[in-house]
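Peer 1:
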Amino acid sequence: MMYIAYFFLILGAFFYAIGGLGVYRMPDVYNRSQAGTKATTLGTLALLIGIAIINPSWIPKLLIIVVFIAITNPIGSSVLVRSAYLKGAKQYEGTNIDELKEYYNKEDANHETN
Amino acid sequence: MKKNISSFLIIWITWILLTGININELIVGFIVSALLSYVISNLIDYEFSFNSIPKIIKFLVVYIPVFLFELIKANLDVAYRVLSPSMPINPGFVRIPTKIKSEYGRLTLANSITLTPGTLTVDVSEDSVYIHWIDVKGNNNEDYQKNVSASFEKILGGIFN
Amino acid sequence: MINTLVFLLIGIGVFFAFLRLVIGPSSFDRVLSLDIINIIVTGTLVFVGFIFNNELYLDIAIVYAILSFIETVVFARYLEGSI
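Chains A, B and C, in that order, give the protein sequences. Heads up: the first sequence is residues 49 to 162, going by the working numbering. Heads up: the second sequence is residues 85 to 245, going by the working numbering. Heads up: the third sequence is residues 126 to 208, going by the working numbering.
Below is the structure:
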């Protein structure tokens, strides 16, 4: 049982390392956000599962932390990427499709006619 | 009244999870959550009824395993992209049409899309979700929808009307 | 042994995220890497509590997670210009 817990602990720390490395290596803010958010969410999940196996009396509080992070982490990165897009943060040269631009242009036009 | 009871249940369960089962804590938690739910009941717009119990069970039994599987797949994908020396990416911003009407349903769909392989929600409107996709596959919006959110759309459509 | 390995891997993650915090070309990169570091610190607090066998660290981790979420949203709104 101990070995399963240690496996989860190392898995979580490994995904934290992947998250940091992804934030460093990816070319623009959108891709960085993708790598960071996913890797740290699963990293926290795995680390807390490992601790819950060793220490079962902590499960309620760990459950609160996991649920809170799984709900708020995607919302935070989504808000950040949206404001980066609205402020025109630099995009990677290979970005080839942009359907979001039409949506914001349409919204602006609606805003002015009203 | 329904709103009061729903928020009371959520606050009281959170209190119990934080403090543990103990008769003193249960009484104090009951009083505090009753007062708090009375104060915030004007600010919220969700409510439970007995009809929503099977929906919650379906959420826990059907949605959570699919979500965890997709989360693990997404992380293997991210690890492959980050660790490979040449960075195989082909990003783009695309529109995913959705039929889910309820706001909490669209919130859950957006969060699920963010945590599944290679996609990140940027904005949500009345009938569609705008995403940043790290590796665009397909030619039109129906293709995108099939590749990204078809399984979640089916499950969440049954849960959140 | 295991604890050293876990802390080493966490350190690698925080180091590269901090590098992006220092060199990041735009403010959004900096706020993003701060967000990533916050989540990593939340997990590390729980792990430290497990090593010292002290349940108080869990409460600190909960409050830290709430504050880090609010910080990210407020920074994003401020940079967008809508506060």
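A virtual CB, placed ideally from N, CA and C, is assigned to each residue, including glycine.
Around the Cβ of B/GLU237, are there at least 16 other Cβ atoms within 10 angstroms (buried) or fewer (exposed)?
Peer 2: buried
Peer 1: Closer than 6 Å by C-beta to B/GLY189: which residues in its own chain qualify, once you throw out the five before and the five after it? Chain order, please.
Peer 2: LEU240 and PHE244
Peer 1: Can you give the beta carbon distance from C/PHE172 to A/LEU95, rounded, assuming they're within the 8 Å contact cut?
Peer 2: 6 Å
Peer 1: Using a Cβ cut-off of 9 Å, pull out every chain C residue sitting near A/PHE56, in sequence order please.
Peer 2: The contacting residues do not exist; A/PHE56 stays about 10 Å from chain C at best.
Peer 1: Indicate whether B/GLU131 and B/SER186 have their beta-carbon atoms separated by less than 8 Å.
Peer 2: no
Peer 1: Can you list the residues of chain A that C/PHE177 reaches, using a CB-CB cut of under 9 Å?
Peer 2: Simply none; closest approach about 12 Å.
Peer 1: Between the alpha carbons of B/VAL213 and B/SER233, how many angstroms are there, rounded?
Peer 2: 10 Å
Peer 1: Which value, in whole angstroms, describes the spacing of the CA atoms of C/THR167 and C/ILE187?
Peer 2: 8 Å
Peer 1: Who are the neighbours of A/VAL127 on chain C, taking C-beta pairs under 9 Å?
Peer 2: THR197, VAL198, ALA201, ARG202 and GLU205
Peer 1: I'd like to check one pair, B/PHE177 with A/ASP156: are the Cβ atoms closer than 8 Å?
Peer 2: no
Peer 1: Classify C/THR169 as helix, strand or coil using the three-state DSSP reduction.
Peer 2: Looking at C/THR169 - three-state DSSP - the assignment turns out to be helix.
Peer 1: Using only alpha-carbon positions, find the residue among C/LEU134, C/PHE143, C/ILE176 and C/ASP154 that is nearest to C/ILE162.
Peer 2: C/PHE143
Peer 1: Taking Cβ positions only, does A/GLY98 come closer than 8 Å to chain B?
Peer 2: Against chain B, the CB of A/GLY98 has no partner CB under 8 Å away; the residue lies outside that interface.
Peer 1: For the ligand GTP, I want to know if A/PRO75 counts as a neighbour, meaning its beta carbon is within less than 7 Å of at least one of the ligand's heavy atoms.
Peer 2: With respect to small molecules bound, the structure shown includes none, and the ligand GTP cannot be examined in it.
Peer 1: So what does DSSP say about B/GLY176, is it helix, strand or coil?
Peer 2: Of the three classes helix, strand and coil, the one that applies to B/GLY176 here is strand, per DSSP.
Peer 1: Please list the partners that B/ILE173 has in chain A, where partner means a Cβ-to-Cβ separation under 9 Å.
Peer 2: MET74, PRO75, ASN79, TYR140 and GLY142
Peer 1: Just to make sure I have the definition right: I need the residues of chain A whose C-beta is within less than 7 Å of the C-beta of C/ARG145. Which are they?
Peer 2: VAL71 and TYR72
Peer 1: Assign B/ILE239 to one of three DSSP states: helix, strand, or coil.
Peer 2: helix
Peer 1: Run through DSSP, which three-state label would B/LEU204 get?
Peer 2: In the structure shown, B/LEU204 sits in a strand (DSSP, three-state: E or B).
Peer 1: Determine the extent of the beta strand (DSSP E) in which B/ILE184 is found, giving its start and end residues.
Peer 2: Premise fails: B/ILE184 is in no beta strand (DSSP E) and is neither H nor E.
Peer 1: With a threshold of 16 other CB atoms inside 10 Å of the CB of A/VAL115, please say whether the residue is buried or exposed.
Peer 2: exposed
Peer 1: Which of the three DSSP states is assigned to B/TYR214 in this structure?
Peer 2: strand
Peer 1: In the region 213-231 of chain B, which residues sit with their C-beta less than 7 Å from some C-beta in chain A, listed in chain order?
Peer 2: TYR214, HIS216, ILE218 and VAL220
Peer 1: Please state if the CB of C/ASP160 and the CB of A/SER125 are separated by a distance shorter than 8 Å.
Peer 2: Result yes, Cβ atoms of A/SER125 and C/ASP160 sit closer than 8 Å.
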